[in-house]
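Q: Questions regarding the structure given below will be posed in turn.
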Amino acid sequence: MTLTDYLREHGLTHAEFAAQIGATQAAVTRYANGRRKPSLAKIIRIESVTDGAVRAIDFAPPAEGFGAVRPTPSNPEVAA
7 MTLTDYLREH GLTHAEFAAQ IGATQAAVTR YANGRRKPSL AKIIRIESVT
57 DGAVRAIDFA PPAEGFGAVR PTPSNPEVAA
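The numbering of the sequence shown is this note's numbering, which starts it at 7 and goes up by one.
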């Protein structure tokens with residue numbers, strides 16, 4: 007679950023959540039919009055405060071090539 011989804015689902019503002027995790031409102035805003043990645047310590051705190059609803063993997067960028075189609079003899083044009 008994304009941080010934004012969690013906050014919306016639980017009716018929390020960025021400022022309220024920031025107080026729960028020991029961060030600034032600006033930091034939580036940046037975490038939520040993807041402009042900043044939390045430190046490992048903050049990620050652990052976020053996981054704890056959200057009871058695991060928001061996980062470390064939720065802050066990771068999408069893996070390159072994830073879901074990519076592999077070239078096959080019948081579909082050679084997808085070869086990179």
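Every residue gets a Cβ at the ideal spot worked out from N, C-alpha and C, and that includes glycine.
How would you label Thr56, buried or exposed, when you count the other beta carbons within 10 angstroms and need 16 or more for buried?
A: Thr56 is buried by the Cβ-count criterion.
Q: Taking 6 Å as the cut-off, is the C-beta of Arg41 nearer than that to any heavy atom in the ligand MG?
A: The ligand content of the structure shown is nil, which means the ligand MG is not present either.
Q: Under a Cβ-count criterion, where at least 16 other Cβ atoms within 10 Å of its own Cβ denotes burial, should Ala69 be classed as buried or exposed?
A: So Ala69 counts as exposed.
Q: What distance in whole Å lies between the Cβ atoms of Ala29 and Lys48, which are believed to be in contact at a cut-off of 8 Å?
A: Sure, about 6 Å apart at Cβ, within 8 Å.
Q: From Tyr37, Tyr12, Ile27 and Ala24, pick the residue whose C-alpha is nearest to that of Phe65; which is it?
A: The shortest Cα separation from Phe65 among Tyr37, Tyr12, Ile27 and Ala24 belongs to Tyr37.
Q: Distance, Cα to Cα, Leu9 vs Val34?
A: Distance between the alpha carbons of Leu9 and Val34 is about 9 Å.
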